[in-house]
Every structure is written in structure tokens, then in C-alpha cells.
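Undergrad: One structure is given below, represented as C-alpha cells, and several questions about it will come after.
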Amino acid sequence: MDFNRHFPTLPLLRKNFLAAKASAFLLIAAILFGTISCLLWGRAHWEEGAFLLALLLLASFDLKNSPVLTSKPSRCSHVLSWLILLCAFLGLLFSWQTHADPFSNQDFSRLLCKHGALLFLAFAIALRFDGIHTAFTFLPRLLLGFVLLPLYEVILLEISYPLRLLSTYVTVLVLRLCTVQVISDGTTLLWGTQVISITDACSGISLLSFLAFLEYLIVRPIDTAAWKKWLWSSLLLFWIILGNALRLLLTFALYTVMGDAVFERMPHFLLGCFFIVVTSLLIWFSSFALSKDIHPQEQP
């Protein structure tokens, strides 16, 4: 069977992997490491890790769309690799004694340093053998495999409360601008006799991996610089906060009409669907900023 004829993009993907042997080997190691970590950490919520793993695999396959990675090691890349290697050593030194509970703040910092040291080590090797351009091309994929996938659940626990707190603050601010008398106590909204608590499920944090995968699918076909795509993708948490604030505002509006019935199972489910649709639309419309960055090529 002629795979090159049926899959015409494979030769370029193979050429990129052969041109960047060290980075390609590290990427394969990151995929295996992330897959094993996903199976170990994501047993309770395997589908969340599966979306991140799918994102890593798709981003790795999309190296076929990159120009041929022919950057060579230089004196600058050698110096930078030693500096990154020093950071890896310091991170490993800080995480030398990790306690048994990875869900405490102190131990999360040490776990983050340990996996960060692994990422820095891989990045330093890529810089040393494949040059700056190739190393930075592989860096986001190495970050997914060596850091985000293994620590996905504990990262969610760490960022869940700040996300809920920000969503609560934005909601209270908008409601007060609309002359609605509402106060907040942490992640709890107090409106008259009604008390609304913003839980992890309500914050949209459980959909983070799905929305990250959806965001990558939206930005994937846009013809612009890769670093701009990754920079734009970092705004995902902002869209989640904004989408969740809009959902809370709709909840308050419906409460004035439906009363306590708005908190029953079906209305609550529909409000969750509203959050997914609104956040997806925010991501999609914001991607037009990348599309406008494209300049038409001059005709010969």
C-alpha cells in the first residue's frame, strides 16, 4: 500500500521529524509520558484527560504544516540550553522532597517544579541538538505532555477557586450597574433571601480540556504565525470567566420570572448548555482577530 499517495502530508511530517531527531524523540517521550499519566491521574474523569491527549496528538500531527525544520544549533542556542539546564537543576533541587499529599499548596508547588524541571531538561536538549527555532516549535507540545497532562487534576483544583471568584466578582459588578442589590461572600451570591453558591461544576472548569481542544480546532485552519496562535489560545481562561458570568446573569434574569424552579435539574442543565455555546461563540468570534492579521501575498 502506498501510504504517501493516500496520505500526501506524511512525507513532510517525516521530513520534519528526521530533521529534528532529538526534538522528535522528546515529543514521542512526552506523548507516552502524558498518555500514562492520563491513565493514572484521570481514572475518575478520563474524558477530560482524553481531550488534552487528543490535543497533544493533533498538535504533533500538525507539524506537517510547519516549514521544514532545518534550524541548526548555534552558539546562542548552546548558551541558552545551559541556562535552561540550570533552571531544570534548580527546579529538581526544590522538588527533591515531595510529600505524600499532592493536593496541598506546598506539594503542588513541588510537583510543578519537578515536572517543570523535566520540561526544562527536554527543552535544553532540543536547544542543544536542534537549534532555537525547532526547540520553540516543539515547546508547547512538550509542555502538554510533561506538565499539563500529568498534573491536570491538581491544576484544576488550584485554579478552580480563582476562576469562580472572578466569575462571581464580574457578575456582582454587572448586577450592581443594573441597580440590582446583590452582595457576594467569596464564591457565594446573596440576593435577598436567595443564596447561590458557585461550585466547580458551575464554574465551567470541568470543561476546560474540552474547550481547549475546541479552541485549537477553531484556530487550526487560520494561516498565521504559530506563536500568535498559541498566544491567542492562552486567553481561554478569560473566555471561560466571561461565559460563566453571562450564565450567572441569565440565571438571575430567569429567577425573577421562574423563581426557585430555575435551580431544578433541567433548567440548570440548559444553563450549562448555554455556557458551552456562549463560550464557544466567544472563542470563535475572537479568532477573527487572527484572521485579520493575514496580509494578501503579492502576485508575481
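Following the working numbering, the residues of the sequence shown are numbered contiguously, the last one being 283. Yeah, the Cβ is synthetic: ideal placement off N, Cα and C, and Gly gets one too.
Quick one: any contact between the stretch 123 to 137 and the stretch 159 to 177, if contact means 3 or more CB pairs under 8 Å?
TA: no
Undergrad: Strictly by DSSP, which residues pair up with residue 167?
TA: 172
Undergrad: Give me the Cα-Cα distance between residue 78 and residue 23, rounded to the nearest whole angstrom.
TA: 21 Å
Undergrad: Can you tell me whether residue 208 is buried or exposed, with buried defined as 16 or more other CB within 10 angstroms of its CB?
TA: When all chains shown are included, residue 208 counts as exposed.
Undergrad: Express the C-alpha separation of residue 107 and residue 117 in angstroms, rounding to a whole number.
TA: 12 Å
Undergrad: Going by Cα to Cα distance, which pick from 30, 7, 69 and 66 is closest to residue 44?
TA: 7
Undergrad: Would you tell me roughly how many angstroms separate the C-alpha atoms of residue 251 and residue 231, rounded to the nearest one?
TA: 11 Å
Undergrad: Taking 6 Å as the limit between beta carbons, can you name the residues of its chain near residue 268, skipping five residues before and five after?
TA: none
Undergrad: Spell out whether any CB of chain D is found under 8 Å from the CB atom of residue 39.
TA: Going by chain labels, chain D is absent from the structure shown, which holds only one protein chain.
Undergrad: Do the stretch 254 to 271 and the stretch 199 to 217 meet, that is, are 3 or more Cβ pairs less than 8 Å apart?
TA: yes
Undergrad: Just checking my contact of residue 262 with residue 223 at CB under 8 Å: how many whole Å lie between their CB atoms?
TA: 6 Å
Undergrad: Measuring only the C-alpha atoms, how far is residue 64 from residue 123?
TA: 17 Å
Undergrad: Taking only runs of the alpha helix (DSSP H) that begin and end inside the stretch 245 to 270, which ones reach a length of at least 4 residues, in chain order?
TA: 248 to 269, all fully within the stretch 245 to 270.
Undergrad: Inspect the beta-carbon positions of residue 153 and residue 236 and report whether they are closer than 8 Å.
TA: no
Undergrad: Does residue 31 pass the burial test, meaning 16 or more other C-beta atoms within 10 Å, or should it be called exposed?
TA: buried
Undergrad: When you compare only the Cα positions, how much space is there between residue 147 and residue 247?
TA: 21 Å
Undergrad: Hey, how far is the Cα of residue 112 from the Cα of residue 68?
TA: Distance between the alpha carbons of residue 112 and residue 68 is about 13 Å.
Undergrad: Between the alpha carbons of residue 141 and residue 10, how many angstroms are there, rounded?
TA: Approximately 27 Å, taken between the alpha carbons.
Undergrad: Cutting at 7 Å between CB atoms, please list the residues of its own chain near residue 286, excluding the five before and the five after it.
TA: A question about residue 286 goes unanswered here, because the residues of the chain that appear run from -16 up to 283.
Undergrad: For a test of the three-state rule: what should DSSP assign to residue 282, helix, strand or coil?
TA: Its pLDDT being 37, under 50, residue 282 is placed unreliably by the model, and the measurement read from it follows with that caveat. Three-state DSSP puts residue 282 in coil, outside helix and strand.
Undergrad: If you reduce the DSSP assignment to three classes, tell me which class residue 86 lands in.
TA: Low local confidence applies: a pLDDT of 46 at residue 86 is under 50, so the model's placement there is unreliable, and no value is given.
Undergrad: Check whether the Cβ atoms of residue 17 and residue 39 sit closer than 8 Å, and answer yes or no.
TA: yes
Undergrad: Going by the CB atoms, is the gap between residue 150 and residue 188 shorter than 8 Å?
TA: Their beta carbons are not under 8 Å apart, which means residue 188 does not touch residue 150 by this criterion.
Undergrad: What are the boundary residues of the beta strand (DSSP E) that residue 179 is part of?
TA: Start and end: 177 to 180.
Undergrad: Nearest to residue 110 by alpha carbon, out of 219, 239, 4 and 243?
TA: 4
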